[in-house]
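Worksheet for the structure shown next.
Number of protein chains: 2
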Amino acid sequence: MATRTASPRKRPLQGRSKHTVAMILEATARVLTSHGYDRTTTNLVAETAGVSIGSLYEYFPNKEGLVAALASAHVAELVARVDAVLALPCEETPRAVVAALVRAGLEAHRVAPALHKVLVEQVPRIGALADAMAVSAVLQAKIAADLQRRAPALPPARVRMVALVLETCIEALTHRAVVEAPDWLETGEIEREALRLLEPYIERALGP
Amino acid sequence: MATRTASPRKRPLQGRSKHTVAMILEATARVLTSHGYDRTTTNLVAETAGVSIGSLYEYFPNKEGLVAALASAHVAELVARVDAVLALPCEETPRAVVAALVRAGLEAHRVAPALHKVLVEQVPRIGALADAMAVSAVLQAKIAADLQRRAPALPPARVRMVALVLETCIEALTHRAVVEAPDWLETGEIEREALRLLEPYIERALGP
DNA sequence: CGATAATCCGAGCGTTTACTCAGCTTCTCA
DNA sequence: TGAGAAGCTGAGTAAACGCTCGGATTATCG
């Protein structure tokens, strides 16, 4: 079983192996959503991808590595979206920024709700997976920095708390929508309600 | 491995066996917090409890059963606390009810934050565990019913949405505090901030 | 073309671990 | 007090599954 800490593996150089890696990741996502984390075996992933188990282990150190790759792709996308929002000009009202953050969180989960559900509910947050899935701290720091920039007068401790609340609620509402009612992701109902919750909060927190 | 669906086992009748079961559950909690879910083996639990593995399987159908017992105890406590809050007289303001709900959520997690952290982060929500850990829907229904009682004029769909937001945010903030800053559970800082967020929201939602 | 590197293959090894069972000990109660 | 019920024991079983390894196949390039 081993569970070694993600040892370095061969990197795909030729187009052939790049394709193989892509197939493996795609298969991982498919197996994960259809079988769940526990019943996802490396052999099944390889078979589903149409490659041999040996090839799989050329590029991924272990089962964790497969899932971590998917998770960090998602995390990277989310971070990118948030960065884009926080690059908005300083003149934007806090409401607008919050609205954009909510939208960013929701957009990032529209792609593959079923996969996200498995990731959230079944994948144990330990080892490499823990790091891969620990976005919240990063996002909170980014949001806090941005808030501080827009409201320099506020004490940093206060800003951090507000960032925590914002990030926590956006993530929670997004995930609830993903796991309990994917429809609401489409209709935008969750988005509207999140704003009803967070806009007054941010106005009071930053405003006079 | 099997993973059969929680088959019925012997129930502890004499005081001796009741004590054994208690020891096993206590050991489960200890091993869970110190080793994590994956590294929690039934043999280790039995050893830690000071009983034989055979005795363990007299009372618990499988590994899931152990964890499910802990989880549903926690869930039962939480539900009881929420029920107590919702039994408050109708004259109470919505703010007061929300404050009480926040407090209930936080109180229920003060007992064993480390255990809750493992339960939330590492235990896969599948099979028996899924049921055991699916409180949110139940709580939302209870909260919705109460809100409707206090504001009969509101459309049911709207009430359900508000209940979802309330329950989601309380749980999320509570869990964040548990896993990221158990201190804030004690200081009451999280509680105050949660109210700053939720009181304006509920007033607008129920009010004129 | 020949040589070297990159890629791919898949049977099977070794370990882990949930769980059983046959027999022993302790309790209950008529 | 003794017979049956309840409880306890722990070495052993069986099966799952992650992962390796020796070797075949294909690409790259002088």
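As given, the protein sequences belong to chains A and B, one line each in that order.
Sequential numbering of the first sequence, starting at -1, is according to our numbering.
Sequential numbering of the second sequence, starting at -1, is according to our numbering.
Heads up, the beta-carbon is just placed ideally off N, CA and C, and yes, glycines get one too.
These figures come from a predicted structure and were not determined experimentally.
DSSP state of residue 116 of chain A, grouped into three classes?
It is helical.
Quick check on this structure: which residue in A/178, A/57, A/33, A/183 has the alpha carbon closest to the alpha carbon of residue 21 of chain A?
Answer by Cα proximity: A/57.
Looking at the secondary structure, which residues open and close the alpha helix (DSSP H) in which residue 103 of chain B lies?
Residues 92 to 108.
State the DSSP-derived secondary structure class of residue 48 of chain B, mapped to helix, strand or coil.
Assigned with DSSP and collapsed to three states, residue 48 of chain B falls in coil, not helix or strand.
Contacts around residue 23 of chain B, its chain only, beta-carbon distance under 7 Å, and the 5 residues preceding and following it disregarded
67, 68, listed in sequence order.
Is any beta-carbon of chain B found at less than 8 Å from that of residue 101 of chain A?
By this cut-off, residue 101 of chain A is not an interface position.
Nearest-angstrom beta carbon gap, residue 191 of chain A and residue 163 of chain B [assumed within contact, 8 Å]
Distance from residue 163 of chain B to residue 191 of chain A at the Cβ level is roughly 6 Å; contact confirmed, criterion being Cβ atoms closer than 8 Å.
Establish whether the CB of residue 163 of chain B and some CB of chain A are separated by less than 8 Å.
Yes, because at least one Cβ of chain A sits closer than 8 Å to the Cβ of residue 163 of chain B.
Unbroken alpha helix (DSSP H) runs of length 4 or more, entirely within the segment 125 to 184 of chain A: which are they?
Complete alpha helix (DSSP H) runs here, min 4: 126 to 131, 134 to 148, 154 to 178.
Just mark residue 17 of chain A as buried or exposed, buried being the case when its beta carbon has 16 or more other beta carbons within 10 Å.
It counts as exposed.
Inter-stretch contact (C-beta, 8 Å, three-pair minimum) for the segment 180 to 189 of chain B and the segment 85 to 92 of chain B
Because the criterion of three Cβ pairs below 8 Å is not met, the segment 180 to 189 of chain B and the segment 85 to 92 of chain B do not touch.
Any contact of the segment 118 to 136 of chain B with the segment 91 to 105 of chain B, i.e. 3+ C-beta pairs under 8 Å?
Cβ pair count under 8 Å is below three, so no.
Please confirm whether residue 18 of chain A has its beta-carbon closer than 8 Å to some beta-carbon of chain B.
Not an interface residue.
Taking only beta-carbon positions, decide if residue 122 of chain A is within less than 8 Å of chain B.
The C-beta of residue 122 of chain A comes closer than 8 Å to at least one C-beta of chain B.
Among A/49, A/25, A/50, A/48, whose alpha-carbon lies nearest the alpha-carbon of residue 38 of chain A?
Out of A/49, A/25, A/50, A/48, A/25 has the C-alpha closest to the C-alpha of residue 38 of chain A.
In whole angstroms, give me the CA-to-CA distance for residue 197 of chain B and residue 63 of chain B.
Between residue 197 of chain B and residue 63 of chain B, the alpha-carbon positions lie close to 39 Å from each other.
Residues that residue 191 of chain A contacts on chain B, provided the C-beta gap is smaller than 7 Å
The contacting residues are 159, 163.
Check the Cβ of residue 167 of chain B against every Cβ in chain A and list those closer than 9 Å, keeping chain order.
The contacting residues are 163, 166, 167, 170, 171, 195.
Nearest CA to the CA of residue 70 of chain B: which residue from B/7, B/136, B/201, B/174?
Minimum Cα distance to residue 70 of chain B is reached at B/136.
Using 8 Å as the threshold, is the segment 162 to 181 of chain A in touch with the segment 108 to 115 of chain A, meaning 3 or more CB pairs across them?
The segment 162 to 181 of chain A is in contact with the segment 108 to 115 of chain A.
Looking at the structure shown, is residue 89 of chain B part of a helix, part of a strand, or coil, going by DSSP?
Of the three classes helix, strand and coil, the one that applies to residue 89 of chain B here is coil, per DSSP.
Close Cβ partners of residue 47 of chain A (< 6 Å) along its chain, the five nearest in sequence each way excluded:
So the qualifying residues of the chain are 21, 22, 25.
Under 8 Å between C-beta atoms, does residue 90 of chain A make it to chain B?
Residue-level contact by beta carbon fails for residue 90 of chain A and chain B, as no gap is shorter than 8 Å.
What does the alpha-carbon distance come out to for the pair residue 0 of chain A and residue 49 of chain B?
Bear in mind that the predicted position of residue 0 of chain A carries a pLDDT of just 34, short of 50, making it unreliable; the figure below should be weighed with that in mind. Using only the alpha carbons, I get a separation of about 28 Å.
Whole angstroms are fine: how far does the CA of residue 92 of chain B sit from the CA of residue 204 of chain B?
Rounded to whole angstroms, residue 204 of chain B to residue 92 of chain B spans 8 Å at the Cα level.
Find the residues of chain A that neighbour residue 199 of chain B, judging by a C-beta separation of less than 8 Å, and give them in chain order.
Here the neighbours are 194, 195, 198, 199.
Which residues in chain A have a C-beta closer than 8 Å to the C-beta of residue 174 of chain B? List them in chain order.
For residue 174 of chain B, the residues of chain A that pass the 8 Å Cβ criterion are 134, 162, 166, in the order they occur in the chain.
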